[in-house]
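The sequence shown begins at 2 in our numbering and counts up one residue at a time.
What follows is a single structure, written as structure tokens, with notes after it.
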Amino acid sequence: MQRYAGRADPMVATDVILQEPGGRYIDFLVPGLLGMSLMGGGIWGVGFVTVDMRIRKLLKRFLATPMKRSHFLLAVMISRMLFMVPEVLLLLIFARLVFGVVIYGNLLTLVTLILLGALMFSGIGLLMATRAHTLETINGLMNLFMLPMWITSGIFFSVDRFPEAIQPYLRILPLTPLIDAIRSVMLEGATLSSLGWELGSMLIWSVVSFAVALKFFRWG
């Protein structure tokens, strides 16, 4: 009767939660964890092993061989890269199967960034190991180098959260461009041509660290 008399029932509003793929915190976090894994694998895997070989007098044995220092250092870096890439790919597969993390960019582009990141941190690990003669020394150097980047390079939250005055310095740290590049490819579908700054920074770190390591590396 009331409806016929002109009564209008109020509209019932319901909340609909929309979840956009790539917009969750886990989607933001996974690229940071990939970068952290590459940093740890490169620096610890190369730096620690090289110093351990020096302590056990294994490096001195190469003095009796025609092997050049550059060949040895490249072999160490490449061998470590062969271990690091599968580790990172397994982490990606786990993130996809368990959390539904989506990669919007080209997989080959992502693999290229992973290889370059592995090369960069392997070179930095060699640089740290050039003159370290004890495990305590190399442990201290590696922790001193990595700990600030765990906090400031965008692993758990964006570099944009820091004061603007220090952001330019944080962006030249080796881990920051790697994470930014991986995150851009995974979440935004970026291509290599759009990552000029990140690729340039990583290439500079790779070349400079290897060149300096080659200059100061000694078998003994």
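C-beta atoms are modelled at their ideal positions from N, C-alpha and C, and glycine is treated no differently.
> Roughly how many whole angstroms lie between the Cα atoms of residue 87 and residue 110?
Replying inline: Cα-Cα distance, rounded: 16 Å.
> Rounded to a whole number of angstroms, what is the C-alpha to C-alpha distance between residue 186 and residue 107?
Replying inline: If you take the alpha carbons of residue 186 and residue 107, they lie about 7 Å apart.
> Ordered along the chain, which non-local residues of its own chain (more than five positions away) have a Cβ less than 6 Å from that of residue 128?
Replying inline: So the list reads 210, 213 and 214, once near-sequence residues are dropped.
>> Does residue 135 pass the burial test, meaning 16 or more other C-beta atoms within 10 Å, or should it be called exposed?
In response: Around the beta carbon of residue 135, fewer than 16 other beta carbons sit within 10 angstroms, so the residue counts as exposed.
>> At the level of alpha carbons, what is the spacing between residue 231 and residue 148?
In response: Nothing about residue 231 can be reported from this structure: the residues present for the chain run from 2 to 221 only.
> Could you give the C-beta distance for residue 122 and residue 54, rounded to a whole number, given that I count them as a contact under 8 Å?
Replying inline: The C-beta distance from residue 122 to residue 54 rounds to 19 Å, too long to meet the 8 Å contact threshold.
> Leaving out five residues before and five after residue 60 in sequence, what residues of the same chain have Cβ atoms less than 6 Å from its Cβ?
Replying inline: Counting only Cβ-Cβ distances below 6 Å, and skipping sequence neighbours, we find 54 and 220.
> If you draw a straight line from the C-alpha of residue 140 to the C-alpha of residue 150, how long is it?
Replying inline: Roughly 16 Å separates the two Cα atoms.
>> Does residue 178 pass the burial test, meaning 16 or more other C-beta atoms within 10 Å, or should it be called exposed?
In response: In summary, residue 178 is buried, with 16 or more beta-carbon neighbours lying within 10 Å of its beta-carbon over all protein chains present.
>> Between which residues of its own chain and residue 114 is the CB-CB distance below 6 Å, once the five residues before and five after are set aside?
In response: Cβ within range, chain order: 182 and 183.
>> If you follow the alpha helix (DSSP H) that residue 99 is in, where does it begin and where does it stop?
In response: 70-100 is the span of the alpha helix (DSSP H), which, as asked, contains residue 99.
> What residue range is occupied by the uninterrupted alpha helix (DSSP H) comprising residue 157?
Replying inline: Premise fails: residue 157 is in no alpha helix (DSSP H) and is neither H nor E.
> CA-CA distance, residue 99 and residue 120?
Replying inline: Annotation: residue 99 to residue 120 spans about 29 Å, alpha carbon to alpha carbon.
> Using the beta-carbon count (16 or more within 10 Å), is residue 81 buried or exposed?
Replying inline: With 16 or more Cβ atoms within 10 Å of its Cβ, residue 81 is classed as buried.
> Going along the chain, which residues of its own chain have a beta-carbon closer than 7 Å to the beta-carbon of residue 196, five neighbours each way excluded?
Replying inline: Here the set comprises 182 and 185.
> Around the C-beta of residue 146, are 16 or more other C-beta atoms found within 10 angstroms, so that it is buried, or is it exposed?
Replying inline: Its Cβ being crowded by 16 or more others within 10 Å, residue 146 is buried.
>> Cutting at 7 Å between CB atoms, please list the residues of its own chain near residue 96, excluding the five before and the five after it.
In response: Sequence-distant Cβ neighbours of residue 96 in its own chain, meaning closer than 7 Å and more than five residues away, are 31 and 102.
>> Between which two residues does the alpha helix (DSSP H) holding residue 185 run?
In response: Under the DSSP assignment, residue 185 falls in the alpha helix (DSSP H) whose first and last residues are 176-189.
>> Short of 6 Å in beta carbon distance, which residues of its chain neighbour residue 118, apart from the five on each side in sequence? Order them along the chain.
In response: Once the five neighbours on either side are set aside, the close Cβ partners of residue 118 are 39 and 179.
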